[in-house]
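*Asks:* Got a structure for you, questions after.
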Amino acid sequence: MVKEVLDSIKQAELEAEEMINKAKEEADKIIEEAKIKAFKITDEAEKKAKKEAEKLIEKAKKDGERKARKIIAEAEEEAEKIESEAEKNLEKATEHIVNVLTST
40 MVKEVLDSIK
50 QAELEAEEMI
60 NKAKEEADKI
70 IEEAKIKAFK
80 ITDEAEKKAK
90 KEAEKLIEKA
100 KKDGERKARK
110 IIAEAEEEAE
120 KIESEAEKNL
130 EKATEHIVNV
140 LTST
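Here the sequence shown stands for residues 40 to 143, numbered as in the numbering used here.
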């Protein structure tokens with residue numbers, strides 16, 4: 040009878056050990072699947088972030104180019120005004136010099 044009880048205990052221990060091993064294997068499998076899913080999520084998020092960053096960079100470039108063209112146009116307009124004013128002043132100066140030279 041003691042032998043039967045000991046055999047029964049030993050059998051229960053073996054079954055428990057087998058269940059523990061199966062649980063460990065299942066846990067390892069779940070952990071591995073979770074790692075793969077986490078990698079995929081991280082990879083997708085990284086790709087999405089890169090695309091968004093590229094869009095923002097492109098928008099910033101376009102905005103910068105538009106502002107630069109506006110500044111250049113304003114500068115050219117101002118240069119034309121200054122050139123026109125300089126031509127007027129040159130004409131007045133020439134007339135003044137001619138008047139001074141002819142009046143003496």
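Note that the Cβ used here is the ideal one computed from N, Cα and C, for glycine as well.
#1: When the Cα atoms are used, what is the spatial distance from K87 to D102?
#2: Rounded to whole angstroms, what's the CA-CA distance from F78 to K68? Just pull it up for me.
#3: Got a sec, what are the start and stop residues for the alpha helix (DSSP H) M58 sits in?
*Replies:* Straight from the coordinates:
#1: Taking the sequence shown and counting its residues from 1, the one referred to as residue 87 is at position 48. Taking the sequence shown and counting its residues from 1, the one referred to as residue 102 is at position 63. Spanning the two alpha carbons is a distance of roughly 22 Å.
#2: Start at 1 with the first residue of the sequence shown, and residue 78 comes out as number 39. Start at 1 with the first residue of the sequence shown, and residue 68 comes out as number 29. The C-alpha of K68 is placed about 15 Å away from the C-alpha of F78.
#3: Within the sequence shown, the letter at position 19 stands for residue 58. Its alpha helix (DSSP H) spans residues V41 to S142.
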